[in-house]
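Enquirer: Numbering (the working numbering), first residue to last: 843 to 1205.
Note that the Cβ used here is the ideal one computed from N, Cα and C, for glycine as well.
Here the structure is a predicted model, which means the values were calculated and not measured.
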Amino acid sequence: MAEFLQAKDNRKIIHVDIDAFYAQVEMRDDPRLKKLPLAIGRDPDKHLGHGVVATANYVARKAGVHSAMGSIEAKRACPNLVFVAPDFDKYRAISAQIHAIFHEFTEMIEPVALDEAYLDVSSNKMSAPTLAAKLRKRIWEETHLTCSVGVSYNKVLAKLGSEHHKPNGVTVIPHNLAQDFVWELPIKDFRGVGAKTLEKFEKLGIKDGRDLYAMSQDDLRVYFGSFGDVLYWQARATHFGPVKDRSIRQSVGKENTFEFALHDRQVVEAAFKELASKVVANMEKRKLLGRTLTVKIRDDDFHTSTKGITQSVPFELDPAFMVRQAMLIFDEAYPDDMAIRLLGLTFSNIEEQKYQAVSLFEQ
Ligand code: TTP
Ligand code: MG
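(1) Just to confirm my understanding: we take L1062, look at its own chain, exclude 5 residues before and 5 after, and list those with CB closer than 6 angstroms. What are they?
(2) When the Cα atoms are used, what is the spatial distance from S1093 to D1087?
(3) Count the C-beta pairs between the region 910–919 and the region 959–974 that are closer than 8 angstroms, then say yes if the count reaches three, no if not.
(4) P1084 lies in the alpha helix (DSSP H); which residues open and close that run?
(5) Let's see if you can read the secondary structure: which residues bound the beta strand (DSSP E) around V1109?
(6) For Q1205, which residues in the same chain have their Cβ closer than 7 angstroms to its Cβ, ignoring the five residues on either side in sequence?
(7) Given that a residue counts as buried once 16 or more other Cβ atoms are within 10 Å of its Cβ, and exposed if not, what is N1010?
(8) Where does T1140 fall in DSSP's three states?
(9) I'd like the span of the alpha helix (DSSP H) that includes R870, first residue to last.
(10) Could you check the C-alpha separation between N899 and M869 for me, to the nearest Å?
(11) Cα separation between I951 and F944?
(12) Enumerated in chain order, which unbroken segments of the alpha helix (DSSP H) with a length of 4 residues or greater are wholly contained in the region 1036–1067?
(13) Check this for me: beta carbons of Y933 and F863, under 8 angstroms apart or not?
(14) Assuming L1117 contacts L1054 under a Cβ cut-off of 8 angstroms, what Cβ separation, rounded to an integer in Å, is found between them?
(15) Could you check which residue in A1168, Q1076, P971 has the C-alpha nearest to that of Q848?
(16) In the DSSP assignment, the beta strand (DSSP E) including N1018 goes from what residue to what residue?
(17) Does Q1205 come out as helix, strand or coil in the three-state DSSP assignment?
(18) Nearest to S937 by CA position, among A905, I981, V895, is which residue?
(19) Grab the span of the alpha helix (DSSP H) containing A1077 for me, first residue to last.
(20) Taking the continuous alpha helix (DSSP H) assigned at E946, which residues delimit it?
(21) Cutting at 8 angstroms between CB atoms, please list the residues of its own chain near A974, excluding the five before and the five after it.
(22) What residue from I914, A902, C989, A927 has the CA that sits closest to I1211's CA?
(23) Quick one: which unbroken beta strand (DSSP E) runs of 3-plus residues sit fully inside the region 983–1007? Chain order, please.
(24) When every heavy atom of ligand 1 is checked, does at least one fall within less than 7 angstroms of the C-beta of K1008?
(25) So does E958 have its beta carbon nearer than 7 angstroms to some heavy atom of ligand 2?
(26) Under 8 angstroms: do the region 1100–1109 and the region 1121–1130 share three or more Cβ pairs, one atom per stretch?
(27) Within its chain, find whatever has a CB closer than 7 angstroms to the CB of K850; leave out the 5 residues flanking it on each side and keep chain order.
(28) Classify N852: buried if its beta carbon has 16 or more other beta carbons within 10 angstroms, exposed otherwise.
(29) Going by other Cβ atoms of all chains shown within 10 Å of its Cβ, with 16 needed for buried, is T897 buried or exposed?
(30) Using only the heavy atoms of ligand 1, determine whether one of them is closer than 7 angstroms to the beta carbon of A1037.
(31) Within 8 angstroms (strictly less), CB to CB, does T1188 reach chain D?
(32) Using the DSSP secondary-structure output, state which residues sit across from P1009 in a beta bridge.
(33) Tell me whether F863 counts as near ligand 2, meaning its Cβ is closer than 7 angstroms to at least one heavy atom of that ligand.
(34) Can you check whether the CB of G891 is closer than 8 angstroms to the CB of P928?
(35) Just list the residues that DSSP pairs V858 with in beta bridges.
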């Protein structure tokens, strides 16, 4: 059953995670730090003992320093630890650079943190490992940072993959290797398994994916409630969670330029009709709505007029309605003779489509 479900799930998912992100950025910008144990955080000696470690480079990690550790404790574990204060503006700017690269590969991007995201590259014809290699190359060219990447047919396996060969590694988990990969996995590496769950598993004598696989769904539910189901499917390398595209666009629109100027109102109306249905199709595909509709008109003399209408509630996605709005603006701007070279329709003030509770009765 699980194998059948897996085989049906032929998506191409990439999980990307920059290695020791803040620390790697600081080492890139000051190479003297590379050989030293480095923590990003406030130096406890300069801040009355306050501060926590945001992240540490791999030299410091070997000495036992890790994220979220108190700075004093970190210094105790590693007395020659060097502290560099975090520069969040810098990390945000680099994160934006990296996200721009993601957009070269797909529009289906789920950001998880500044340095981490899932990409669904299913619609790209190239193989997922090729795309992952290209992605790593682009990130290196653009930022001189290394990342780890996991490639598989679902998000859980992609994430497990990127964690598998850190730093600077690539792990591809295709269908025929997925079950073995999960069977071999230590129980602590399953998603959502924290200290408490781990303790329960220890008592039950469950050490790895193989042991987990042998547990019945009913038993897992008894011990772990609804999380038991999650574990049951993880043990079968099956997970259907979609890559949730949270990168909402600023605007969605379309323009048409005409080689021969339009001189007829009816032709203009027909052209708007065509634009409106394309824009509506695009909005519907992305499940978006807009509160501002902008109409753009350019004539033969290159005179351009743009006019927007903004409502407090989103516009309905109805091409006929949009064309009526566009023609109202058109008639205002071009009362008489016309020679139209360009028409455009754009939605902005974008929001996601949601089901709205509608009262059936007047209040
Ligand atoms: P992570 O990707 O979890 O960690 P990392 O990139 O430093 O190391 P690696 O991926 O190689 O294991 O987090 C990304 C950044 O987020 C990290 O560089 C610093 C910040 N961060 C915190 O500020 N506090 C934390 O507790 C964690 C985990 C991360
Ligand atoms: Mg990281």
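Expert: Reading from the atomic positions:
(1) So the list reads G1070, L1073, Y1074, once near-sequence residues are dropped.
(2) The straight-line gap from Cα to Cα measures roughly 16 angstroms.
(3) In short, these stretches do not touch, since the Cβ pair count stays below three.
(4) Careful: P1084 lies outside any alpha helix (DSSP H) and carries neither H nor E.
(5) Not the beta strand (DSSP E): V1109 falls in the alpha helix (DSSP H), residues 1107–1128.
(6) Annotation note: pLDDT 42 at Q1205 (below 50); position unreliable, no value reported.
(7) Here N1010 is exposed, its C-beta having fewer than 16 other C-beta atoms within 10 Å.
(8) Checking the sequence, you will find Arg at residue 1140 rather than Thr. R1140: strand per DSSP, three-state reduction.
(9) Judged by DSSP secondary structure, R870 falls within the alpha helix (DSSP H) whose first and last residues are 863–871.
(10) Approximately 9 angstroms, taken between the alpha carbons.
(11) Cα-Cα distance, rounded: 7 angstroms.
(12) For the region 1036–1067, whole alpha helix (DSSP H) runs of length 4 or above, ordered along the chain, are 1037–1046, 1051–1056, 1059–1066.
(13) With contacts defined by Cβ atoms closer than 8 angstroms, Y933 and F863 form a contacting pair.
(14) Not confirmed; about 54 angstroms, so no contact.
(15) The shortest C-alpha separation from Q848 is found at Q1076.
(16) Note, N1018: premise wrong, no beta strand (DSSP E); alpha helix (DSSP H) at 1017–1026.
(17) Caution applies to Q1205, whose pLDDT of 42 falls short of 50 and renders its modelled position unreliable; the value that the coordinates give is listed next. Q1205 falls in the coil class under three-state DSSP.
(18) Cα-wise, what sits closest to S937 is I981.
(19) It spans 1069–1077 - the alpha helix (DSSP H) in which A1077 sits, taken as one unbroken run.
(20) Per DSSP, E946 belongs to the alpha helix (DSSP H) from 930–947.
(21) Hits under 8 angstroms: I856, V991, V993, V1012, V1014.
(22) Any property of residue 1211 remains undetermined from this structure, which presents the chain solely from 843 to 1205.
(23) Assignment of beta strand (DSSP E) within the region 983–1007, counting only whole runs of 3 or more residues, yields 989–994 in chain order.
(24) It does: the Cβ of K1008 is within 7 angstroms (strictly closer) of some heavy atom of ligand 1.
(25) Indeed, a heavy atom of ligand 2 lies less than 7 angstroms from the Cβ.
(26) By the Cβ rule, the region 1100–1109 does not count as touching the region 1121–1130, because fewer than three pairs are nearer than 8 angstroms.
(27) So the list is empty, once near-sequence residues are dropped.
(28) So N852 counts as exposed.
(29) Classification of T897: buried, given that the 10 Å Cβ count is 16 or more.
(30) Not so, every heavy atom of ligand 1 lies at least 7 angstroms from the Cβ.
(31) Included in the structure is just one protein chain, with no chain D present.
(32) Residue pairing by DSSP places P1009 in no beta bridge whatsoever.
(33) With a cut-off of 7 angstroms, the C-beta of F863 is classified as near ligand 2, since at least one heavy atom of the ligand falls inside that distance.
(34) No, the pair does not count as a contact, with Cβ atoms beyond the cut-off.
(35) Partner(s): A959, V991.
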